[in-house]
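Per this note's numbering, the sequence shown starts with residue 101, numbered consecutively.
The structure under discussion appears below in the form of structure tokens.
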Amino acid sequence: MQRRHRGAAITLLEKEPVWGRHASGRNSGVLHAGFYYTADSLKARFTRDGNARLTSYCNERGLPINRCGKLVVARTPAEVTGLAQLLSRGRANGVPLEEISSAEARQLEPRVKTCERALFSPTTSAVDPLAVLQSLVADAAQAGITIMPGVAYVGRAGRTVRTSAGPVSPGYCINAAGLYADRVAREWGFAERWGIVPFKGLYLSARPGSPPFQRHIYPVPELSRPFLGVHVTVGVDGGATLGPTAIPAFWREQYSGWSRFRLSELGEILVRDAGLFLRNAFGFRALALDELRNYRRGRIVSLAAELAEGIHRADFPRWGRAGIRAQLVDVRENRLEMDFKYEGDDRSFHVLNAVSPGFTCALPFAAHLADEIERLRR
Ligand SMILES: Cc1cc2nc3c(=O)[nH]c(=O)nc-3n(C[C@H](O)[C@H](O)[C@H](O)COP(=O)(O)OP(=O)(O)OC[C@H]3O[C@@H](n4cnc5c(N)ncnc54)[C@H](O)[C@@H]3O)c2cc1C
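Below is the structure:
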């Protein structure tokens, strides 16, 4: 926006004192390729283009990137059909994707386990999300944006926005508040039928010196859910992690123990979870009960051990940095929104569902949102 409108005075508020305290700094750091999503979705287009753009960005800026590629494996003969579905989605989205035999898969990653066949995605890679964030913040500052870390949006009164540093009167307000996006949007008359439900992603990190992996290894996901299942990820430094889980969290920033507990959020989220549970939308009951078992380290290890040889608990002694997905739910229909979602008018704009792979999509998604904002303000 700042580059398009050189004279505009854009201010970025961030309630935390540093960048990356939430999803953008706590994700798997995987640049996805774009073969999970149907061709008519925003995610399909922005993942493919976002992967290419962030890859070039990292190369230009000298930011670490591990172009390790990814294998998607079938754990059972039934899952081989799922591979075929992903392959056809990948082709429809114009994403490079190869169907290979289990022997070929083992040449790419000697530890992989798969039934008959696998998919190889050469463009899936790993980046350091915090390094990318730092670089984007520096770009924003250089473009002329005023950046205010440690300053929270508190509420609004008419056209005045209350912040923790005092009132401001913006000509236009853009809300990309992640886990709090629905709350901010409601104050501006949006998100009436939407609410955030947080899902916690736990990771286990490999101990230094444990047997390495060459490629990311993912299972065939349940395509009716927005989560990809516990997988093996290789970081920029070659270290492996197992996870993430998708455990329903009971308040928005429930990273560990009672941290950032808010009673009002507990009530609101329990009501939303209960709606999903009763309606059993997208198999939420099974998902919730299954995922609650994933608090046990042994369970995450055993799920990952279905994907690769030689995964032992002793090699994954540490919990990594947990992340929380801000998943949007249609509270009237008790349905999870699978695609990106935003609403706005000539005064404000609200990014309601910037779910995974929102990090991969960031650059083309941001350009698309800037187009939408310009259209609304005309
Ligand atoms: C466990 C996990 C794994 C993931 N893995 C991947 C992956 O491998 N690849 C991928 O592409 N995507 C991944 N994602 C998705 C990706 O991380 C998100 O889509 C993306 O980071 C969302 O960015 P965001 O800016 O909307 O949210 P956030 O990064 O959460 O940013 C929102 C910001 O708003 C601030 N904020 C909130 N309220 C206020 C307020 N009142 N005032 C001021 N500031 C406020 C917050 O402090 C926060 O910094 C993953 C997500 C999770 C949780």
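C-beta: ideal position from N, C-alpha, C; glycine also.
For residue 220, there is no enclosing alpha helix (DSSP H); the residue is part of the beta strand (DSSP E) that begins and ends at 217–221.
For residue 449, the closest C-alpha among the options 380, 441, 273 and 474 is that of 273.
Scanning its chain for C-beta atoms nearer than 6 Å, with the 5 sequence neighbours on each side dropped, one finds around residue 149 the residues 464, in chain order. In the DSSP annotation of this structure, the continuous segment of the beta strand (DSSP E) that includes residue 254 starts and ends at 253–257. Under the three-state reduction of DSSP, residue 183 is assigned to helix. The way I'd put it, the stretch 259–276 doesn't touch the stretch 117–137; fewer than three beta-carbon pairs between them come closer than 8 Å. For residue 198, the uninterrupted beta strand (DSSP E) segment begins and ends at 198–201. For residue 460, the enclosing alpha helix (DSSP H) begins and ends at 458–477. 139 is the residue among 139, 430 and 466 whose C-alpha sits nearest the C-alpha of residue 190. Counting of Cβ neighbours within 10 angstroms places residue 380 among the exposed residues, the total staying below 16.
A direct Cα-to-Cα measurement between residue 388 and residue 107 gives close to 49 Å. Exclusion of the five residues before and after residue 264 leaves 251, 252 and 254 as the residues of its chain whose Cβ lies within less than 7 Å of its Cβ. In the DSSP assignment, the residues bridged to residue 423 are 301.
About 4 Å separates the CB atoms of residue 342 and residue 404; that is less than 8 Å, so the two are in contact. Separation of residue 239 and residue 162 (C-alpha to C-alpha, rounded to the nearest whole angstrom) is 14 Å. For residue 355, the CB stays at least 7 Å from every heavy atom of ligand 1.
The way I'd put it, the stretch 366–377 does touch the stretch 345–356; three or more beta-carbon pairs between them come closer than 8 Å. The residue from 458, 320 and 471 with its alpha-carbon nearest to that of residue 229 is 458.
A heavy atom of ligand 1 is found nearer than 7 Å to the CB of residue 127. Boundaries of the beta strand (DSSP E) harbouring residue 112: 111–114, taken from the DSSP string.
Between the stretch 404–413 and the stretch 322–332 there are three or more C-beta pairs closer than 8 Å, enough to call the two in contact. Judged by beta-carbon spacing, residue 324 lies beyond the 8 Å limit of residue 375, meaning their Cβ atoms are not closer than that value. Here the distance from the Cβ of residue 301 to the nearest heavy atom of ligand 1 is below 7 Å. With contacts defined as CB atoms closer than 8 Å, residue 112 and residue 247 qualify as a contacting pair.
Checking the DSSP bridge columns, you'll see residue 369 has no partner listed. Judged by the Cβ position, residue 425 qualifies as a neighbour of ligand 1 at the 7 Å threshold, a heavy atom of the ligand being closer than this.
For the options 320, 336 and 390, the alpha carbon positioned closest to that of residue 176 is the one of 320. Within the same chain, and ignoring the five residues on either side of residue 443 in sequence, the residues whose Cβ sits closer than 6 Å to its Cβ are 290 and 450.
Beta-carbon to beta-carbon, residue 135 and residue 232 are separated by about 22 Å, too far to satisfy the 8 Å threshold. Taking 4 residues as the shortest admissible run, the stretch 239–294 contains the following complete alpha helix (DSSP H) segments, listed from N- to C-terminal end: 281–287. The Cβ-Cβ distance between residue 165 and residue 227 falls below 8 Å. For residue 456, the closest alpha carbon among the candidates 199, 424, 173 and 271 is that of 424. Non-local beta-carbon contacts of residue 440 in its own chain, meaning distances under 7 Å to residues more than five positions away in sequence, involve 142, 143, 453, 454 and 465 in chain order. The C-alpha of residue 478 is placed about 45 Å away from the C-alpha of residue 356.
In this model, residue 339 and residue 308 are separated by some 7 Å (Cα to Cα).
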